[in-house]
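Read in the numbering used here, the sequence shown has -5 at position 12, and its numbers run on one by one without any break.
Note that beta-carbon positions come from the ideal geometry of N, C-alpha and C, so glycine has one too.
Just so it is clear, the structure is predicted and the values come from calculations on it, not from any experiment.
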Amino acid sequence: MTASIIAPFGRWPSPMTGLDVAAVDATVEWIDFVGHRECWVENLPIDDGRDALMAFDGDHITELLPGRHVRSRIIEYGVRPWAPVGADGVVFSDVADGRVHRPFPDGEVRPLTPVAEGVRYGDFTIWRESEV
């Protein structure tokens, strides 16, 4: 039998940390489809709250843009920061620079908008694929 420990409220030893608790409370937003994959933005508390674009292909969940913070700061609360393009592409706003980017099949992620102080992008609508 183990002895009881009396400690002030909130000061008892615990094997769980705040990070352990936060890690299971990821927020899922902006769900859509890219080809046959279901995609969404997931907040990753374990990665300093970075918002990652995730995909589920029916078997596996993967991060589509590793290391990128897929978020828009429009109205500071954020708006939809990504949109599907064509059968297998996306455009997204990267909170690091506020620009709109698009990953290409060669693996390169290219900015589509210029650097502009105070300009923010989000809630995308793709009018014609050929323009993106």
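{"Item": "Please determine whether the Cβ atom of residue 70 lies at a distance below 7 Å from any heavy atom of the ligand ATP.", "Value": "Absence of the ligand ATP is noted for the structure shown, with no ligands found whatsoever."}
{"Item": "Enumerate, from N- to C-terminal direction, the unbroken beta strand (DSSP E) stretches of 3 or more residues contained entirely within the stretch 59 to 109.", "Value": "65 to 68, 72 to 76, 83 to 86, 92 to 94"}
{"Item": "Identify which residue in 74, 48, 101 has its Cα closest to the Cα of residue 35.", "Value": "48"}
{"Item": "Just curious, the beta strand (DSSP E) that residue 33 is in, first and last residue?", "Value": "33 to 39"}
{"Item": "Should residue 82 and residue 68 be called a contact, given that it needs their Cβ atoms to be closer than 8 Å?", "Value": "no"}
{"Item": "For residue 0, report the span of its beta strand (DSSP E) as first-last.", "Value": "Element bounds for residue 0: n/a, residue is neither H nor E."}
{"Item": "Looking only at its own chain, which residues have a Cβ that is under 8 Å from the Cβ of residue 24, when we skip the five neighbours before and after it?", "Value": "11, 12, 13, 34, 35, 36, 37, 53, 54, 64, 65"}
{"Item": "Near residue 78, what residues of its chain come up, given a Cβ to Cβ distance below 6 Å and the 5 sequence neighbours on each side ignored?", "Value": "52, 54"}
{"Item": "So what's residue 42 in DSSP terms, helix, strand or just coil?", "Value": "coil"}
{"Item": "Between the C-alpha atoms of residue 60 and residue 95, what's the straight-line distance to the nearest angstrom?", "Value": "23 Å"}
{"Item": "What are the boundary residues of the beta strand (DSSP E) that includes residue 27?", "Value": "20 to 27"}
{"Item": "Name the one or two DSSP bridge partners that residue 16 has.", "Value": "21"}
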